[in-house]
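*Asks:* Take the position in the sequence shown, starting the count at 1, then add 6; the result is the number in the numbering used here.
Could you have a look at this structure, given as structure tokens, before my questions?
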Amino acid sequence: MNGSSLRDLDRAHVWHPFTQAATAPDPLVIRQARGSRLETQDGRVLLDLISSWWVNVHGHAHPALAHAIARQAQTLEQVIFAGCTHEPAVRLAARLAGLLPGDLQRVFFSDNGSTAVEVALKMVLQAARNRGQLRRRIAACAGGYHGDTFGAMAAGRGSGFFSAFHPWLFDVDMLPFPATWHGDEQVLNREARALAVLDDYLATWGGDCAGLIVEPLIQGAGGMRMCRPEFLRALAQRLQACGVPLILDEVMTGFGRTGHLFACLAAGVTPDVICLSKGLTGGFLPLSVTVCRPWVYEAFLQDSFDFALAHGHSFTANPLGCAAALASLDLFDDPGVWEHIATIAALHAQRLQEVATLPGVRRPRQCGTVAALDLEAGREGYDSELAPALKSFFLERNLLLRPLGNTLYLLPPYCVTAEELHQGWDAVAEAARVFGGGRA
Ligand SMILES: *Cc1c(COP(=O)(O)O)cnc(C)c1O
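What follows is the structure, encoded as structure tokens:
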């Protein structure tokens, strides 16, 4: 089928995610992809500098992952995971337990980031109830995003995406997130204020709180807002002192994004529960895990089903996804991958410093392979008037970038070459000159 008939059929039948179809341009028809390059149906080659919505890790069509999935498909493609188990899932669970800090040992599988968050919330709420504790509150950080299912929306209501559903979202206590950037002179004050609010909250509600969920080091969809590891450590210490479980949503930050395998390792924090997805399978297949410490799991062990976690998905621990995840983790054992990650981080640092001097560029910031800045705009945030123009500006330059409102960011797959990354930065610098300074 050619590109235009595909587009016609798409227009007739497909509903795309996070898209206002009334005003959105036609979708790009992607025929194939390799490494950091996407090829459209009409032969254009685009650089994927957002890792296809933050999932791709080692590059598209990586032969090791493709091979692992094909081999697994010929052996065991899927089996019910209640009452059955299989080698790919068992090996993946054990492998993750070995890579995560502390005693994060018990792995619950689901199939996307939102469900990993739902499971985490249900784990801490039911663990409290099973232990006979009246802990009914959930806390989260303002500006955080945790997915699009109802519990995840409730925890991420501060992201501003879900106003249509607010009447149906359960209450979540929102605490400040002291986002910071290069040259931010107020960060210590902002952190101190955030910790004071947390202290007050814990003093009043600590005994009622079943858990606090936060994206460690980087709030992704909320606008690539970054905090210092020192803040995360201080937050974790306070929660621990009050016996409030910490849930880290590492759906985006996991698997090398921050320059470390996990942001919790970068920050030196061990949560009670951690959520992983996106890069888990190298970005090849939908899979996620919610990993908890033994005390959480043990709270469910009683001789009545009423104490069990009544949660499961048809494709829980899908063997193809597990095989892909194991192959992706194998690639992380290659020091070459970590050299690539370090090269990306160094190049980001160098180019960000230069772009930060342009007028109209605000809040330059970086954490590992993620670099971001805000363009001064009339309207800030996701519905900034700049966003559609910026998107097409980059597309004209054959770059797949997806600004979050007036926030520009680069989040490339680790196979990206220095030359490709420079192309991205050249375009960001040009965009800052064209769009920066409050001009729409
Ligand atoms: C993307 C994301 C989610 C949701 O994951 P899905 O797979 O899209 O459901 C949750 N938390 C964070 C931090 C994310 O970036």
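By construction, the Cβ of each residue, glycine as well, lies at the ideal position given by its N, Cα and C atoms.
Given the structure is predicted, the values throughout are model-derived calculations rather than measurements.
Helix, strand or coil, according to DSSP, for Glu197 in the structure here?
*Replies:* Three-state DSSP puts Glu197 in a helix.
*Asks:* Along the beta strand (DSSP E) that carries Phe115, what are the first and last residues, could you check?
*Replies:* Its beta strand (DSSP E) spans residues Arg112 to Ser116.
*Asks:* Tell me the DSSP bridge mates of Arg43?
*Replies:* Note: Arg43 sits in a beta bridge opposite Arg40 and Leu53.
*Asks:* Below 8 Å, how does it come out for the stretch 106-126 and the stretch 259-276: are there three or more Cβ pairs, yes or no?
*Replies:* The stretch 106-126, when compared against the stretch 259-276, does touch it at the 8 Å Cβ threshold.
*Asks:* Can you give the Cα-Cα distance for His266 and Tyr420, rounded to whole angstroms?
*Replies:* Using only the alpha carbons, I get a separation of about 13 Å.
*Asks:* Verify the contact flag: Ala273, CB atom, against every heavy atom of ligand 1, threshold strictly below 8 Å.
*Replies:* Ala273: no, Cβ never under 8 Å from ligand 1.
*Asks:* Can Gly411 be considered in contact with ligand 1, in the sense that its beta carbon sits closer than 8 Å to one or more heavy atoms?
*Replies:* No; taking the cut-off as 8 Å, the Cβ of Gly411 has no heavy atom of ligand 1 nearer than that.
*Asks:* Determine contact between the stretch 196-212 and the stretch 114-127, defined as no fewer than three beta-carbon pairs at a distance below 8 Å.
*Replies:* Output reads no: the stretch 114-127 does not touch the stretch 196-212.
*Asks:* Using a Cβ-based criterion (distance less than 8 Å to any ligand heavy atom), does Val257 qualify as near ligand 1?
*Replies:* Answer for Val257: yes, Cβ within range of ligand 1.
*Asks:* For Gln84, which of helix, strand or coil comes out of DSSP?
*Replies:* Looking at Gln84 - three-state DSSP - the assignment turns out to be coil, as it is neither helix nor strand.
*Asks:* Measure the alpha-carbon distance for Thr25 versus Arg408 and round it to whole angstroms.
*Replies:* Rounded to the nearest angstrom, the two C-alpha atoms are 12 Å apart.
*Asks:* For Gly217, list the residues DSSP reports as bridge partners.
*Replies:* The partner list for Gly217 (beta bridge, DSSP) reads Ile144.
*Asks:* Taking 8 Å as the cut-off, does the CB of Tyr151 come closer than this to any heavy atom belonging to ligand 1?
*Replies:* Checking every heavy atom of ligand 1 against the Cβ of Tyr151, one is found closer than 8 Å.
*Asks:* Which first and last residues belong to the alpha helix (DSSP H) in which Leu381 is found?
*Replies:* Unbroken run through Leu381 is the beta strand (DSSP E), Val376 to Leu381; no alpha helix (DSSP H).
*Asks:* Where does Met1 fall in DSSP's three states?
*Replies:* The chain is shown from 7 up to 446; residue 1 falls before or after that span and cannot be answered.
*Asks:* Identify whether Trp21 lies in helix, strand or coil by the three-state DSSP scheme.
*Replies:* If DSSP states are grouped into helix, strand and coil, Trp21 belongs with coil.
*Asks:* At the level of alpha carbons, what is the spacing between Ile219 and Ala240?
*Replies:* When rounded, the distance between both Cα atoms is 15 Å.
*Asks:* Quick one: Cα of Gly9 to Cα of Leu406, how far?
*Replies:* Computed Cα separation, rounded: 18 Å.
*Asks:* Going straight from the alpha carbon of Phe176 to that of Cys281, what length do you get?
*Replies:* Distance between the alpha carbons of Phe176 and Cys281: 20 Å.
*Asks:* Under three-state DSSP, which class holds Leu407?
*Replies:* It is coil, neither helix nor strand.
*Asks:* Taking the DSSP output, what are the residues bridged to Val279?
*Replies:* Its beta-bridge partners are Ile253 and Cys298.
*Asks:* Confirm the yes/no value for this check: CB of Val123, any heavy atom of ligand 1, distance under 8 Å.
*Replies:* Yes, the beta carbon of Val123 sits closer than 8 Å to at least one heavy atom of ligand 1.
*Asks:* In three-state terms, what does DSSP make of Cys1?
*Replies:* Nothing in the structure corresponds to residue 1, since the chain is present only between 7 and 446.
*Asks:* Does the Cβ of Cys90 lie closer than 8 Å to at least one heavy atom of ligand 3?
*Replies:* You won't find ligand 3 in this model; what it holds is ligand 1.
*Asks:* Taking Thr121 as part of the alpha helix (DSSP H), name the residues at either end of that continuous run.
*Replies:* Looking at the DSSP string, the run of the alpha helix (DSSP H) that includes Thr121 is Gly119 to Asn136.
*Asks:* So if DSSP puts His66 in a beta bridge, which residue, or which two residues, is it bridged to?
*Replies:* Per DSSP, Gly41.
*Asks:* Name the two residues that bound the continuous beta strand (DSSP E) containing Asp179.
*Replies:* Element bounds for Asp179: Asp179 to Leu181.
*Asks:* Could you name each continuous alpha helix (DSSP H) segment of 4 residues or more that falls completely within the stretch 224-254, going from the start of the chain to the end?
*Replies:* If we require 4 residues or more, the alpha helix (DSSP H) runs fully inside the stretch 224-254 come out as 235-248.
*Asks:* Going by alpha carbons, who is nearest to Val35 out of Gly41, Ala28, Thr29 and His22?
*Replies:* For the residues Gly41, Ala28, Thr29 and His22, the minimum Cα distance to Val35 belongs to His22.
*Asks:* Quick test of your reading: Cys147 and Phe183, contact by CB under 8 Å. State the CB separation rounded to the nearest angstrom.
*Replies:* Cys147 to Phe183, Cβ: 4 Å. Contact.
*Asks:* Restricting to Cα atoms, I'd like to know which of Ile350, Ala330 and Tyr415 is closest to His66.
*Replies:* Nearest option by C-alpha distance: Ala330.
*Asks:* Would you call the stretch 412-429 and the stretch 38-58 in contact, with 3 or more CB pairs under 8 Å?
*Replies:* Counting Cβ pairs under 8 Å, three or more are found: they touch.
*Asks:* Measuring CB to CB, does Cys233 end up less than 9 Å from Leu245?
*Replies:* For Cys233 and Leu245, no; Cβs fall outside 9 Å.
*Asks:* By DSSP, does Ala263 sit in helix, in strand, or in coil?
*Replies:* The sequence shown places Arg at residue 263, rather than the Ala named in the question. Looking at Arg263 - three-state DSSP - the assignment turns out to be coil, as it is neither helix nor strand.
*Asks:* Rounded to whole angstroms, how far is the Cβ of Gly262 from the Cβ of Ser334, which I believe are closer than 8 Å?
*Replies:* Incorrect: roughly 10 Å between the Cβ atoms, too far for contact.
*Asks:* Just checking my contact of Leu417 with Trp60 at CB under 8 Å: how many whole Å lie between their CB atoms?
*Replies:* With 8 Å as the limit, Leu417 and Trp60 qualify as a contact, their Cβ atoms being about 6 Å apart.
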